[in-house]
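Q:
In mature numbering (1 follows the signal peptide of the UniProt record, and there is no 0), the protein residues as written are -34 to -1, 1 to 562.
1) By a C-beta neighbour count over all protein chains shown, 10 Å radius and 16 as the cutoff for buried, is residue 554 buried or exposed?
2) Determine which residues share a DSSP beta bridge with residue 75 and list them.
3) Less than 9 Å between the beta carbons of residue 372 and residue 342, yes or no?
4) Exposed or buried, what is residue 19 when buried is set at 16 or more other beta-carbons lying within 10 Å of its beta-carbon?
5) Once DSSP output is grouped into helix, strand and coil, what is the label at residue 560?
6) Evaluate residue 402 with the Cβ neighbour count: other Cβ atoms within 10 Å of its Cβ, from every protein chain shown; 16 or more gives buried, anything less gives exposed.
7) According to DSSP, which residues form a beta bridge with residue 529?
8) Output the residue ranges of the alpha helix (DSSP H) runs that lie fully inside the region 134 to 185 and measure 4 residues or longer, sorted by chain position.
9) For residue 291, count neighbouring Cβ atoms within 10 angstroms of its own Cβ and tell me buried if that reaches 16, exposed if not.
10) Check this for me: beta carbons of residue 381 and residue 360, under 9 Å apart or not?
11) Just list the residues that DSSP pairs residue 301 with in beta bridges.
12) Residue 284: buried (16+ other C-beta within 10 angstroms of its C-beta) or exposed?
13) Where does residue 256 sit, in a helix, a strand or coil, going by DSSP?
14) Assuming residue 225 and residue 246 make a contact with CB atoms under 8 Å, what is their CB distance in whole Å?
15) Any idea what DSSP makes of residue 549, helix, strand or coil?
16) Counting pairs of Cβ atoms below 8 Å between the region 189 to 209 and the region 152 to 164, do you hit three or more?
17) Report the residue from 354, 393, 550 and 305 whose alpha carbon sits nearest the alpha carbon of residue 525.
18) Quick check on residue 347: does DSSP put it in helix, strand or coil?
19) Output needed for residue 208: all residues of its chain with C-beta closer than 7 Å, excluding positions within five of it in sequence on either side, in chain order.
20) What do you get for residue 131, buried or exposed, if any count of 16 or more other CB atoms within 10 angstroms of its CB means buried?
21) Express the C-alpha separation of residue 560 and residue 534 in angstroms, rounding to a whole number.
22) What are the residues that DSSP puts in a beta bridge with residue 201?
23) Assign residue 538 to buried or exposed, taking buried as 16 or more other Cβ atoms, counted over all protein chains shown, within 10 Å of its Cβ.
24) How long is the line joining the alpha carbons of residue 112 and residue 87, rounded to whole angstroms?
25) Am I right that residue 251 and residue 295 are in contact with their C-beta atoms under 8 Å? What's the rounded C-beta distance?
26) Can you tell me where the alpha helix (DSSP H) holding residue 25 begins and where it ends?
27) Are residue 325 and residue 338 closer than 9 Å when you measure CB to CB?
28) Near residue 352, which residues of its chain fall below 7 Å by C-beta distance, leaving aside the five closest residues on each side in sequence?
29) Relative to the C-alpha of residue 386, which residue among 206, 81 and 362 is closest?
30) Taking the Cβ atom as the reference point for each residue, do residue 53 and residue 91 lie within a distance shorter than 9 Å?
31) Under 6 Å Cβ to Cβ from residue 489, same chain only, skipping five residues before and after it: list those, please.
32) For residue 23, which option in 71, 268, 85 and 73 has the closest C-alpha, if you only look at C-alpha atoms?
33) What does DSSP give as the partner residues of residue 47 in its beta bridges?
34) Rounded C-beta distance between residue 262 and residue 243? I'm assuming under 8 Å.
35) Going by CA-CA distance only, name the one from 530, 101 and 227 that's closest to residue 304.
36) If you reduce the DSSP assignment to three classes, tell me which class residue 240 lands in.
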């Protein structure tokens, strides 16, 4: 095959440019160091012109086949436009493995230097070996067609072991940018623009070798999709084809969807979706879990539409009807400009934490069946904490369940709607309706509920002021009024408190209002206690027993200050005990009767 350029000069340029590409790759994993120029192969060695007019398909195929004899298996694409007219296949030939082959160009996310122009309605490059890497290539189609796909990875030998790497590439105008079948994908710092789907993740239907780590459910693992720019795809990432298993070990992080519509749809578990920004999302739920739905963290994302008049967001996070979500944490997200529900579970859900999210401009459609957090089933062991929720245009509670809230708590949320929860609230759940002190609780029934009020006040005690908090149960039946409760207030400057047990009602059911007071809950320094006062004495005291402090004759207190007092006196000589009564001037012996 004749060489169309000076081979030595081209290899010098190719090696230097390859090193420059490694040095200037931004943020992603840097390409490996440049290979020895004698080991680098270019399509130009086999007749490629890279002028956008000449058909370079054969030249690229021959360059790829020539790597069989090389230890590095690197094909370098110097800047230019390589027009291909049919699918280029990189096989996995027994005994002549193409595993670890690399196709390298000089494009970046923002610069199209090495362009693969796919002009046919089919797959551009079909990679059937494991551990292939594509660096710095821009895949461009003249127009999106029914079947055009830029890259396909699907193993021929160990079909589950794909483990592809795609970095600093561009994909423009494809029905599907990357079709990935098998385990393992590293997709980082790429641009996907004007494609229907960015990445399709699937599982092989046959040919999977090995034991448990190669088979579902554990076999479906290892997807790292980070720091990419998706511009106008209908859906960025789709996981599909595993009927009885779940895609796991997935990190979807730091991606930007500009007019992004949908970030993810499909099966996922044991994974995290974090730090993504999606706006103008008008293609269904931004994140939709169709199977799996357990051991997930969805955090620190900005999900929604865009400010009016571009407020096209629909729903943000949705667990579909076939999913019973559990062990899920949804935290630190911003939901905004959504026509529907920000977080929706279409089935029972359990062990869910929803914390520190911001809900703003949601349910813009004003539908009565939307809520900030919606559970179309039973919500068990939910922890809803510290969220800020703007008003619902439908004027409904922001948390709605059809199967009730059970063994859950809703605490510290700031909402413009009260009550917070629509639907049944179980007796084992706690809902704080307003932020601040726990001064209002919603319970399902009058029995089985208890409250402990702890004061955190550091201000000086003011007599008669409700400084220590209170808990009052309000009735809601035909006879409104206080049906019971506890009120704790200071009664003196030393900090002594009075506990009032309250019961009040209307006269229609002929119950008497009452207040029972017990003073002295916090004793002063001298531990002295009075029951009543000189003018308001307690006339009758019923006690199980009264135990008097013991004195000796030389330790008697001053009788003048103890008028009417009774004490126990022990004679130190005889050891006998008796009673003494103060007449206001002296202590008088009280004659005791016979032994009981």
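Glycine included, every Cβ here is placed at the ideal spot set by N, Cα and C. As the structure is a prediction and not an experimental result, all values here were calculated from the model.
A: According to the structure data:
1) exposed
2) Note: residue 75 sits in no beta bridge, so no partner.
3) no
4) exposed
5) coil
6) For residue 402, the predicted structure reports a pLDDT of 41, less than 50, and the residue's modelled location is therefore unreliable. A value from the coordinates is still provided. Counting Cβ neighbours within 10 Å, residue 402 comes out exposed, since fewer than 16 surround it.
7) BP columns for residue 529 are empty, so no partner.
8) none
9) buried
10) no
11) 269 and 325
12) buried
13) strand
14) 5 Å
15) coil
16) yes
17) 550
18) strand
19) 169, 182, 186 and 233
20) buried
21) 17 Å
22) 163
23) exposed
24) 7 Å
25) About 18 Å separates the two Cβ atoms, so there is no contact after all.
26) 23 to 32
27) yes
28) 321, 322, 378 and 379
29) 362
30) yes
31) For residue 489, the predicted structure reports a pLDDT of 42, less than 50, and the residue's modelled location is therefore unreliable. A value from the coordinates is still provided. For residue 489, where only same-chain residues beyond five positions count, there are no Cβ hits under 6 Å.
32) 85
33) 17 and 81
34) Contact flag wrong, Cβ pair sits at about 19 Å.
35) 227
36) strand
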